[in-house]
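Each protein sequence line maps, in turn, to chains A and B.
When we follow our numbering, the leftmost residue of the first sequence carries the number 173, and every step to the right adds one.
When we follow our numbering, the leftmost residue of the second sequence carries the number 312, and every step to the right adds one.
All C-beta atoms in this analysis are idealised placements derived from N, C-alpha and C, irrespective of residue type, glycine included.
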Amino acid sequence: MIELIRQPWPWYIAGAVIGLTVPALLLLGNKHLGISSSLRHLCAACLPANISFFKYDWKKEIWNLFFVGGVLLGGVIATQFLSNPEGILISERTVSDLQALNITVDNNLMPASIFSFENLFTLRGLMFFVVGGFFVGFGTRYAGGCTSGHTIMGLSNLQWPSLVATCCFMAGGFLMVHVLFPWLMSL
Amino acid sequence: MQKSKDEFVDVSPVAHPVECEAPNDQIANETLIGSNIKYLITGIVFGIVFVKAEIISWYRIQEMFRLHSFHMYGVIGTAVIVGMISVWAIKKFNIKTAQGETVIFHDKQFHWGNIIGGFIFGLGWAITGACPGPLFAQIGSGFLVIIVTLLSAVAGTWVYGLFQQKLPH
């Protein structure tokens, strides 16, 4: 059994469990799946700075911070106790595309050649950590949600603005990977 | 100088609820630890799936945007279908919450942020290989440098809050 759990989980198992989070949260206590909201609550809790957008009772929404705390702990548990000794296997074509961009493809979940502290104070690090993170935080809030709030929760509830947002998430991603990324890697 | 009453009216074109986009709709009172521990546990399950299905992997996101693998499309597609059926069932059979309350759904109102913000998020998603959820799981997986990315994402949210009234919606 543990052997089976250690292997990478197939998409239909992962998709089903993620999908079931929607009714789980709704039925546990009328909560709506939406992870980027946690970033807003963090702002409201730590640095509201009299900005009207952050002036609300964040304590009422604290379940969301428990939830993301759980996601972090889940990452610890899965990596410490359930990790796959083989490492990640990605498509050959992606490997060769990345190698063409001088990215060393390793067996980790993320390439150590980019995501390490040594790169933090380089131009590349600035793009990957600071600018990338800023886009995620700014973009999701401007869009009113992220992959969980719009794509999963919004589409589950048949909300067309969520479909529009999801298409734009994908459009941004395609543009980055196919057009801007080669330039980014030349930095 | 005298201010007319109208100046105090919120002119924001976005009808932001008092709380947030995903408000807590439970009526019954909640205790800090006792009521919230179940969301911590749900989060743990969510985080384990993120890691085990390699959704938090930067490589998987690259693969997805290069259309080299079905994996991520399969995960998201299945999640949406399971979510849709669940929401439909909750509405159809009027399934109540554990507290016996009616489940409340919110309609999302379209605004230009869905498009502009969505596009900006997409750019960031492809660089960092993470949406907000996976950021937390990546940190848990031991990629501590992602704490910087997370702080930057919080900063991005804060800057949005600062300029919210000035941005087109």
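Asparagine 280/A CB to nearest heavy atom of the ligand ZN below 8 Å: Summarising the ligand content, the structure contains no ligands, and the ligand ZN is consequently not present.
Threonine 294/A in three-state terms, based on DSSP: Here residue 294/A refers to the residue found at position 122 when the first sequence is read from its first residue. Coil.
is_contact[asparagine 405/B, chain A] using C-beta, thresh 9 Å: Position 94 of the second sequence, counted from the start, is the residue given in the question as residue 405/B. No - not a single Cβ of chain A is within 9 Å of the one on asparagine 405/B.
Cross-chain neighbours of proline 195/A in chain B, by beta carbon under 7 Å: Along the first sequence, read from residue 1 onward, the residue named residue 195/A stands at position 23. Within chain B, the residues near proline 195/A are Ser397 and Ile401.
Spatially closest choice to valine 412/B from Leu198/A, Gly187/A and Asn279/A, by CA coordinates: Numbered from 1 along the second sequence, position 101 holds the residue referred to as residue 412/B. The identity of residue 412/B in the sequence shown is glutamate, whereas the question assumes valine. The candidate whose alpha carbon is nearest that of glutamate 412/B is Leu198/A.
Residue-chain proximity (glycine 472/B, chain A), Cβ-Cβ < 9 Å: Position 161 of the second sequence, counting from 1, holds the residue named residue 472/B. Yes, its Cβ sits closer than 9 Å to a Cβ of chain A.
Below-9 Å beta-carbon distance, lysine 419/B vs any chain A residue: Counted from its first residue, the second sequence places residue 419/B at position 108. Yes - at least one Cβ of chain A is within 9 Å of the one on lysine 419/B.
Bounding residues of the alpha helix (DSSP H) (the contiguous stretch that carries alanine 196/A): Against the first sequence, residue 196/A aligns to sequence position 24. Per DSSP, alanine 196/A belongs to the alpha helix (DSSP H) from 183-201.
Residue range of the alpha helix (DSSP H) that includes asparagine 236/A: As a working mapping, residue 236/A is identified with position 64 in the first sequence. Start and end: 235-253.
Anticipated Cβ contact below 8 Å, glycine 354/B with glycine 187/A, distance rounded: Stepping through the second sequence from its first residue, residue 354/B is reached at position 43. Stepping through the first sequence from its first residue, residue 187/A is reached at position 15. Not really, about 18 Å apart at Cβ, beyond 8 Å.
Minimum Cβ-Cβ distance from methionine 282/A to chain B less than 9 Å: For the purposes of this step, residue 282/A is taken as residue 110 along the first sequence, with counting starting at 1. Chain B contact via Cβ: present.
CB contact below 9 Å: threonine 294/A versus chain B: Position 122 of the first sequence, counting from 1, holds the residue named residue 294/A. No - not a single Cβ of chain B is within 9 Å of the one on threonine 294/A.
Distance between phenylalanine 307/A and cysteine 318/A (C-alpha atoms, nearest Å): Position 146 of the first sequence, counting from 1, holds the residue named residue 318/A. Position 135 of the first sequence, counting from 1, holds the residue named residue 307/A. Cα to Cα, cysteine 318/A sits roughly 12 Å from phenylalanine 307/A.
Proximal chain B residues relative to tryptophan 355/A, where beta-carbon distance stays under 7 Å: In the first sequence, counting from the first residue as 1, residue 355/A sits at position 183. Here the premise fails: no neighbours, minimum Cβ distance about 12 Å.
With 16 other Cβ atoms within 10 Å as the buried cut-off, status of alanine 437/B: Reading the second sequence from its first residue, position 126 is the one you call residue 437/B. Buried.
Within 8 Å of chain A by C-beta, residues of the segment 427-443 of chain B in sequence order: Ile427, Gly428, Gly429, Phe430, Ile431, Phe432, Gly433, Leu434, Gly435, Trp436, Ala437, Ile438, Thr439, Gly440, Ala441, Cys442 and Pro443
Cβ-based neighbour list, serine 334/A, same chain, cut-off 6 Å, excluding 5 preceding and 5 following: Along the first sequence, read from residue 1 onward, the residue named residue 334/A stands at position 162. Taken in chain order, the residues that qualify are His322, Gly326 and Leu327.
Proline 394/A at chain B interface by Cβ criterion, 9 Å: Because chain A here runs from 173 to 359, residue 394/A falls outside it and cannot be looked at.
Min CB distance lysine 477/B to chain A below 9 Å: Counting from one through the second sequence, the residue named residue 477/B turns up at place 166. Not an interface residue.
Distance, glutamate 258/A Cα to arginine 296/A Cα: Reading the first sequence from its first residue, position 124 is the one you call residue 296/A. Reading the first sequence from its first residue, position 86 is the one you call residue 258/A. Rounded to whole angstroms, arginine 296/A to glutamate 258/A spans 29 Å at the Cα level.
Whole-angstrom C-beta distance between alanine 337/A and asparagine 425/B, which should lie under 8 Å: Taking the first residue of the second sequence as position 1, residue 425/B is located at position 114. Taking the first residue of the first sequence as position 1, residue 337/A is located at position 165. Sure, about 4 Å apart at Cβ, within 8 Å.
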